[in-house]
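Per the numbering used here, the very first residue in the sequence shown carries number 25; after that it's consecutive.
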Amino acid sequence: MSLNLPLDRINWKTSVFLISTLVIALTAVPVYLWHYGVNGFQIGLFLFYFAATGFSITLGYHRLFSHLAFKARWPVKLATLVFGAAAFENSTLDWVADHRTHHKHVDQDDDPYDISQGFFHAHIGWLLFKLRPEPPLDNVADLQRDPLVMWQHRWCIPIGFTVGFVIPPILGWIYGGPIQALGAFLLAGVARVVFVQQMTFFINSLCHTIGRRPYSSNCSARDSAVMAFFTFGEGYHNYHHEFQHDYRNGVKAWQFDPTKWLIWTLSKTGLASNLRRVPDTRILLVEAGEAQRLLTARLSTQASQMADKTRQLLQTSQDKLTRLMQDLGERKDQYIRATEARIEHSRELISELRREIRLAVERLELAGDLMPA
């Protein structure tokens, strides 16, 4: 039985690079560690490169250039462009063109990494195979006017190889000779590239597969606290797809989003400005609206199968959410110019609505557990 692969549609350069780095990371890196171990220099160099290239993707490629979620001074832009090239995820211009297309056509045929075509396709298959024409770049005209972005676009591969694969072994050689140079190449170079790339790939695949959808179930994007931990805060993906221009992905106090914290820190030093954030009332109304929609759907389709107490609990949540949303909606436009007493009342209303959303979600989950199989 022959395997019918579309060989003429394989993206050979990308495929060879992705597969070879993965194989080296899974074979040569363990062999090196077995024979020579690892020291503080190697750990420190790996962590520096992991953070520098990882944040260059999340903060630079994604939130700054793709979504214009904030403005940055040229040193920040230059750093993210240089270290972003060393992540080997394409030039900023090409990356942003694909990503903006993804947001415009999420879960549709024109989505470059459409999850409906399968987990493998969304994760890495769309890079290995040429399944569609090259993007026309008509959605990145703003970046084409940026000389730094265009400089990186022209020289992306030389920059990436120099910063990502040449400088680490040079530093290793200076530190401890050829063995340390080899270790720096394997750890801070190859293994780090694989880690950072997989971090991005899992956002496109796993965060469209596993997790919660508290803001919108109209698209496949999901919130995952676990993925947020491994992706510098990018795992709150359902929120991001609903409010893509917010500089934050994790908007709640307990949510892990170091990219947001770094952007905020840069703003305090004057290196970033114009941080865009969605008002809390709007976020809350969207979240409440989604909870209400789920309640309505559950009651309309499964009420007859529920116990009376369960049905009454869901109906109570639905009625209370409706009242609170109407009340908050009437007050949100008056919030800024309100008296202190009204502001305090609005805060109490927001807190009450948050409690009701949590309660509604808990009741929905309980109702699902109590449904007959």
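The beta carbon of each residue, even a glycine, is placed where N, CA and C say it ideally should be.
With a threshold of 16 other beta carbon atoms within 10 Å, G68 falls short and is exposed.
Rounded to whole angstroms, P282 and A76 show a C-alpha spacing of 13 angstroms. Taking the Cβ atoms as the reference, I234 lies roughly 13 angstroms from T255, outside the contact range of under 8 angstroms. The C-beta of A165 has fewer than 16 other C-beta atoms within 10 Å across all chains shown, which makes the residue exposed.
V55 sits exposed, since fewer than 16 C-beta atoms from the chains shown fall within 10 Å of its C-beta. Collapsing the DSSP output to three states places I203 in a helix.
L172 and V100 have their C-alpha atoms some 11 angstroms from each other. Secondary structure of S90 (DSSP, three-state): helix. For L230, no alpha helix (DSSP H) encloses it, and the DSSP letter there is neither H nor E. Around the beta carbon of E158, a 10 Å sphere encloses fewer than 16 other beta carbons of the protein chains shown; the residue is thus reported as exposed. In this structure, Q222 is the residue among E311, V187, Q222, T186 with its C-alpha nearest to the C-alpha of A49. Three or more beta-carbon pairs separated by less than 8 angstroms are not found between the region 103-122 and the region 308-319, which leaves the two stretches without contact. With at least 16 other beta carbons inside 10 angstroms of its own, F112 counts as buried.
Within its own chain, the residues whose Cβ lies closer than 8 angstroms to the Cβ of G294, once the five positions on either side in sequence are excluded, are R97, listed in chain order.
For V187, the closest C-alpha among the options N35, F107, K276 is that of F107. Within its own chain, the residues whose Cβ lies closer than 6 angstroms to the Cβ of K95, once the five positions on either side in sequence are excluded, are S297, N298, listed in chain order. L152 places its beta carbon 8 angstroms or farther from that of S44. Of all alpha-carbon atoms in L102, T104, S229, A109, the one lying nearest the alpha-carbon of I139 is that of S229. For Q176 against L105, the beta-carbon gap comes to about 4 angstroms, under 8 angstroms, which counts as contact.
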